[in-house]
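In mature numbering (1 follows the signal peptide of the UniProt record, and there is no 0), the protein residues as written are -19 to -1, 1 to 147. Read the structure below first, then the notes.
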């Protein structure tokens, strides 16, 4: 990804509005997300991010399809409209994460902690949520077609039809 480093930039990796005073700089999105935890709309397809600390990371709209996020701490992360299709999120901590309109189709979420996560209008079709913790998660409007929920904790979760699981 080619971005520009500006003389007056406040945050590394900011894209310049003007080319005056700027020099081209190549920034690796995987390093950017690990160092700054800010990589909205980044392309991280197939990235190796297992067992990393991405707590409260800004990843809205990022392409994390086929990424390995096994046992990664994504608690409080912002992943709205992110593409996590076919990603490995087994045993990941997604407590309180924002995943509204995210694509999690065919993702591996076995034993993932999604307690209190916001999954409104997310696509979880074909996802494996075996033994996942979805306690108090908001699944309003979520697509769960052919998702595996064996052993999943749905206590207090708002289900796709708007009802609350007791």
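Note that the Cβ used here is the ideal one computed from N, Cα and C, for glycine as well. Please read all numbers here as calculations on a predicted model, not as lab measurements.
Point to revise | CB contact check: residue 58 to chain B, cutoff 8 Å | key: Note that chain B does not occur in the displayed structure, where there is just one protein chain.
Point to revise | Length at least 3, wholly inside the stretch 33 to 58: the beta strand (DSSP E) runs in chain order | key: none
**Study point:** Of the residues 27, 128, 30, 114, the one placed nearest residue 77, counting alpha carbons only
**Key:** To locate residue 77, count along the chain shown from 1; it is residue 96. Nearest of 27, 128, 30, 114 to residue 77, Cα basis: 114.
Check your understanding: What residue from 41, 133, 62 has the CA that sits closest to residue 96's CA?
Key -> Indexing the chain shown from 1 puts residue 96 at position 115. The shortest C-alpha separation from residue 96 is found at 133.
Check your understanding: By Cβ distance below 8 Å, which residues in the same chain neighbour residue 117 in space, the five residues on each side in sequence not counted?
Key -> Sequence index remark: in the chain shown, residue 117 carries index 136 (1-based). So the list reads 96, 97, 136, 137, 138, once near-sequence residues are dropped.
**Study point:** Residues near residue 68 by beta carbon distance below 8 Å, same chain, minus five either side
**Key:** One-based indexing of the chain shown puts residue 68 at position 87. The answer, listed in chain order, is 45, 46, 47, 48, 49, 50, 85, 88, 89.
**Study point:** Cutoff 7 Å; reference residue 102; Cβ partners in own chain excluding five residues on either side
**Key:** Walking along the chain shown from the start, residue 102 turns up at place 121. Excluding residues within five positions, the ones whose Cβ falls inside 7 Å are 81, 82, 122, 123.
**Study point:** Contact check, residue 62 vs residue 42, beta carbons under 8 Å
**Key:** Numbered from 1 along the chain shown, position 81 holds the residue referred to as residue 62. Numbered from 1 along the chain shown, position 61 holds the residue referred to as residue 42. Closer than 8 Å, so yes.
Review point. Which residue or residues does DSSP assign as beta-bridge partners of residue 87?
Key: One-based indexing of the chain shown puts residue 87 at position 106. Residue 87 is not bridged to any residue.
**Study point:** Expected contact under 8 Å - CB spacing of residue 71 and residue 93 to nearest Å
**Key:** Walking along the chain shown from the start, residue 71 turns up at place 90. Walking along the chain shown from the start, residue 93 turns up at place 112. Right, their Cβ atoms sit about 6 Å apart.
Check your understanding: Would residue 141 pass as a contact of residue 120 if the rule is Cβ separation under 8 Å?
Key -> The residue given as residue 141 occupies position 160 in the chain shown. The residue given as residue 120 occupies position 139 in the chain shown. Yes, the Cβ-Cβ distance between residue 141 and residue 120 is below 8 Å.
Review point. According to DSSP, is residue 22 helix, strand or coil?
Key: The residue labelled residue 22 in the question sits at position 41 within the chain shown. Correct three-state label for residue 22: coil.
Practice item. State the beta-bridge partners of residue 129 as determined by DSSP. Key: Counting from 1 along the chain shown, the entry for residue 129 is found at position 148. 109, per the DSSP bridge assignment.
Practice item. Compare the Cα-Cα distances from residue 91 to each of 125, 108, 22 and report the closest residue. Key: Position 110 of the chain shown holds residue 91. With distances taken between Cα atoms, residue 91 lies closest to 108.
Check your understanding: Cβ of residue 59 within 8 Å of Cβ of residue 75?
Key -> Numbered from its first residue, the chain shown carries residue 59 at position 78. Numbered from its first residue, the chain shown carries residue 75 at position 94. Cβ atoms of residue 59 and residue 75: not closer than 8 Å.
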